[in-house]
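**Student:** Got a structure here, written out as structure tokens. Questions coming.
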């Protein structure tokens, strides 16, 4: 008898890159999916990068809307964040400091335009009591859709058998 693992993809996306990856992962893993939403939206235009980068650099949390799932119900949680100023986004930081995630298999992914920076190290500092089973990154996933989808398919085939 196969044991069915319950998966959750938990992420934040501002410009759609992380959203694209999260939805593809959720589809391949047959996972529930939750996108974090800040209570106060980021402004439009270039200023969103200045504010978001500042908040990430200085480890500022933002208020996020409550999530409608119980994290304890899941065996594996996939956490995805864009890279802002070399780190995770404030909504991801807020969730990981306010919610207890413990004793889970965790997969981390990030999306970026420049480089991944220390995003994985920063996330792992906040979720120490878990089994980090993989970390993977996607550069410009919406511009490299075919490569992104192939990477996701390869990873999910290797991890789900």
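In our numbering, the protein residues as written are 23 to 183. Glycine included, each C-beta is placed from N, C-alpha and C at the ideal position.
Could you have a look at residue 86 and say whether DSSP puts it in helix, strand or coil?
**Tutor:** Position 64 of the chain shown holds residue 86. Residue 86 falls in the strand class under three-state DSSP.
**Student:** Going along the chain, which unbroken runs of the alpha helix (DSSP H) with 4 or more residues stay wholly within the segment 54–79?
**Tutor:** 69–79
**Student:** Just mark residue 122 as buried or exposed, buried being the case when its beta carbon has 16 or more other beta carbons within 10 Å.
**Tutor:** Taking the first residue of the chain shown as 1, we reach residue 122 at position 100. It is exposed - the Cβ of residue 122 has fewer than 16 other Cβ atoms within 10 Å.
**Student:** Based on the DSSP secondary-structure assignment, which residues constitute the bridge partners of residue 103?
**Tutor:** Within the chain shown, residue 103 is the residue found at index 81, counting from 1. 132, per the DSSP bridge assignment.
**Student:** Grouping DSSP H, G and I as helix and E and B as strand, with all else coil, what is residue 81?
**Tutor:** Mapped onto the chain shown, residue 81 falls at position 59. The answer is coil: DSSP assigns residue 81 none of H, G, I, E or B.
**Student:** When the Cα atoms are used, what is the spatial distance from residue 171 to residue 46?
**Tutor:** Within the chain shown, numbered from 1, the residue matching residue 171 stands at position 149. Within the chain shown, numbered from 1, the residue matching residue 46 stands at position 24. Residue 171 and residue 46: Cα-Cα distance of roughly 7 Å.
**Student:** Opposite residue 157 in the DSSP bridges: which residues?
**Tutor:** Along the chain shown, one-based indexing puts residue 157 at 135. The partner list for residue 157 (beta bridge, DSSP) reads 130.
**Student:** In this structure, how does DSSP classify residue 36 when only helix, strand and coil are distinguished?
**Tutor:** Counting from 1 along the chain shown, the entry for residue 36 is found at position 14. Residue 36 falls in the coil class under three-state DSSP.
**Student:** Can you name the start and end residues of the alpha helix (DSSP H) that residue 148 belongs to?
**Tutor:** Counted from its first residue, the chain shown places residue 148 at position 126. Residue 148 -> alpha helix (DSSP H) spans 141–148.
**Student:** So the candidates are 158, 69, 74 and 109; which of them puts its Cα closest to the Cα of residue 178?
**Tutor:** Taking the chain shown and counting its residues from 1, the one referred to as residue 178 is at position 156. If we check each option's Cα against that of residue 178, 158 comes out closest.
**Student:** Taking the alpha carbon of residue 175 as the point to measure from, which residue in 48, 118, 32 and 26 has its own alpha carbon closest?
**Tutor:** For the purposes of this step, residue 175 is taken as residue 153 along the chain shown, with counting starting at 1. Of the candidates 48, 118, 32 and 26, the one whose C-alpha sits nearest the C-alpha of residue 175 is 48.
**Student:** Terminal residues of the continuous alpha helix (DSSP H) containing residue 116?
**Tutor:** As a working mapping, residue 116 is identified with position 94 in the chain shown. Unbroken alpha helix (DSSP H) run through residue 116: 112–120.
**Student:** Please state whether DSSP places residue 91 in a helix, a strand or coil.
**Tutor:** Translated into the one-based positions of the chain shown, residue 91 becomes position 69. Looking at residue 91 - three-state DSSP - the assignment turns out to be coil, as it is neither helix nor strand.
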